[in-house]
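If you number the sequence shown the way the numbering used here does, the last residue is 647 and the count never jumps.
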Amino acid sequence: MGGSAVSSGTDLSVDVYEPSADTDLLETQTRLQEAVRTLITGIGEDEKRDGLRDTPKRVAKAWLDASSGYRKTAKSVVGGALFHEPEIANSPGGLVIVRDVDFASTSETSLLPFYGRCHLGYLPSHGVVLGLSKVARLVAMLAKRLQTQERFTQELINTFEAEVLPQGCAVIVEANQLEYGKRAHVNISSARSGCFLQSEVMEEFETLLRFSGPGKAEAVRGLQEGPDLAAPGVVHSTGKSADDTRLRYSASSAVTNGLEECMEEAEHEGGTSTSAALEGAVLAILREIGEDPRREGLSGSAQRYVRFLLASTAGYKEAMPHRNGSLHCPEPSRQQSAAQPPAAQDLHIHFMSHCEHHMLPFHGQVHVAYLLGSSGHHVPLERLQALVKTCSRRLQIQERLTQEIADGVFSLTGGYGALVACEASHMCMVARGVEKHASSTITTAARGAYLQRTALRSQMLQRLMQHQSESERRAVR
Ligand SMILES: [Zn+2]
Numbered sequence: 171m172g173g174s175a176v177s178s179g180t181d182l183s184v185d186v187y188e189p190s191a192d193t194d195l196l197e198t199q200t201r202l203q204e205a206v207r208t209l210i211t212g213i214g215e216d217e218k219r220d221g222l223r224d225t226p227k228r229v230a231k232a233w234l235d236a237s238s239g240y241r242k243t244a245k246s247v248v249g250g251a252l253f254h255e256p257e258i259a260n261s262p263g264g265l266v267i268v269r270d271v272d273f274a275s276t277s278e279t280s281l282l283p284f285y286g287r288c289h290l291g292y293l294p295s296h297g298v299v300l301g302l303s304k305v306a307r308l309v310a311m312l313a314k315r316l317q318t319q320e321r322f323t324q325e326l327i328n329t330f331e332a333e334v335l336p337q338g339c340a341v342i343v344e345a346n347q348l349e350y351g352k353r354a355h356v357n358i359s360s361a362r363s364g365c366f367l368q369s370e371v372m373e374e375f376e377t378l379l380r381f382s383g384p385g386k387a388e389a390v391r392g393l394q395e396g397p398d399l400a401a402p403g404v405v406h407s408t409g410k411s412a413d414d415t416r417l418r419y420s421a422s423s424a425v426t427n428g429l430e431e432c433m434e435e436a437e438h439e440g441g442t443s444t445s446a447a448l449e450g451a452v453l454a455i456l457r458e459i460g461e462d463p464r465r466e467g468l469s470g471s472a473q474r475y476v477r478f479l480l481a482s483t484a485g486y487k488e489a490m491p492h493r494n495g496s497l498h499c500p501e502p503s504r505q506q507s508a509a510q511p512p513a514a515q516d517l518h519i520h521f522m523s524h525c526e527h528h529m530l531p532f533h534g535q536v537h538v539a540y541l542l543g544s545s546g547h548h549v550p551l552e553r554l555q556a557l558v559k560t561c562s563r564r565l566q567i568q569e570r571l572t573q574e575i576a577d578g579v580f581s582l583t584g585g586y587g588a589l590v591a592c593e594a595s596h597m598c599m600v601a602r603g604v605e606k607h608a609s610s611t612i613t614t615a616a617r618g619a620y621l622q623r624t625a626l627r628s629q630m631l632q633r634l635m636q637h638q639s640e641s642e643r644r645a646v647r
């Protein structure tokens, strides 16, 4: 076939939503805020405290943004961006491929974000091409609705076909999926039509997708390993554990366990008057964004979400460790004079928490080191795990979480020295459609000797981080 066009890495940040111009939407926003307030107080938080004061507004806007696709049509998105190119009409072949279009959508089953990348290829008919940036706009329109990945894939190909009338089209969607009761995984779904049903056209598409980057090769392999997709319009899906894949944006497996644990625990939550009130608030949110909570795909979703919210904020049932300044610190001069550094323990604990600004999960690993005092006794791992859980299962920010864990470790271990490095990925950073899928945040806190002695601290940080890179290597293997 003749030449082809490939475009990569489209930024969707232009689509971030601002409702201020529309009075109806402002009223909807007010009602959404009310529902979010019910959620915040329902889990036992003080909605008036500093960090939470703007949260209802932020979360309400995020819901309006995540549902803004309902208020758009393909016609209005495409606008005048269909171009007739005689040059293209007169030459046969010439695939057009738009690759790596980032998207973030909301799962109708979990009401949590799922996110990833799409690739779309088509063969123009009669020289009609669509402005390349419009593909990203169509993707955003469909993603900003409550979706399943399969329906999203199908709607993307249907919409594109209806608007552009190509000789054929293919869509591949790679997404990070979190479903309750399942391991976090990358799911690949695809659909094709017209000339893409011919294997040589599909092969050409796959070859072009493979250009640069192991991620794309992985996507193509995911397709090939799946069942044969012969019938037109059939969406097929291949699930992959996050362990098995090297897709760039799939958070390393090390940072998913805390979330999975919480999702399992969520099954035992609920059935109280509190959970009923929270469920009412979630149903109100669904109605406000223009959904019908009674439709089949949404059945049970509000209840599942509330269970998850309750499990991920179960820390309120436990007392927080308090800062204990009276604990003794080792004599720096005496310790430093020793040829050997004081005996230290290090460990690594998965956690999952809820961002208090956006009410979305953040999760990862807490790396903890502490110095053994003269008594030299270890603190059981379970006690430290319980401490991390108490501190993290509530509305938090990562910085404060890290400090609170450091206080708790310092206090539990006798007050010689505590060092905490917390590594997390935040769902609020991926849920806005901006290309930040691979980002993670690290925060640290030190107490006692680790605060006073820089060399001791940096030595231990290296040890902690080395553990991290080793476990990452194991995960990729
Ligand atoms: Zn956040």
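A virtual CB, placed ideally from N, CA and C, is assigned to each residue, including glycine.
Rounded to whole angstroms, the gap between the alpha carbons of GLY470 and LEU281 is 11 Å. When distances are taken from the beta-carbon of MET599 to the heavy atoms of ligand 1, the shortest one is below 8 Å. The C-beta distance from ALA345 to VAL356 rounds to 7 Å, short enough to fall under 8 Å. Between TYR540 and LEU571, the CB-CB gap reaches or exceeds 9 Å. Nearest to PHE273 by C-alpha distance, out of GLY485, ARG362, SER595 and ARG307, is ARG307. Boundaries of the alpha helix (DSSP H) harbouring GLU435: 427–435, taken from the DSSP string. Across the structure, GLN324 and ALA310 are spaced so that their CA atoms are roughly 14 Å apart. VAL579 carries a helical assignment under DSSP once its states are collapsed to helix, strand and coil. Counting only the Cα atoms, ARG223 lies some 22 Å from MET490.
The continuous beta strand (DSSP E) containing ASP272 extends over residues 266–277. By a beta-carbon distance limit of 8 Å, ILE213 contacts LEU479. Their separation comes to about 6 Å.
For SER261 and TYR240, the gap between their C-alpha atoms comes out near 38 Å. Secondary-structure assignment with DSSP links PRO283 through a beta bridge to THR276.
Beta-bridge partners of GLN317 (DSSP): SER277. Counted as a single uninterrupted DSSP element, the alpha helix (DSSP H) harbouring ALA259 occupies residues 256–259. Secondary structure note for GLN535: its beta strand (DSSP E) is the uninterrupted segment 531–541.
Short note on PHE322: C-beta not closer than 8 Å to any heavy atom of ligand 1. One Cα belongs to GLN347, the other to GLU257, and the distance between them is close to 42 Å. Excluding its 5 nearest sequence neighbours in each direction, THR611 has C-beta neighbours in its own chain below 7 Å: GLN568, ALA594 and HIS596, listed in chain order.
Judged by DSSP secondary structure, LEU557 falls within the alpha helix (DSSP H) whose first and last residues are 551–562.
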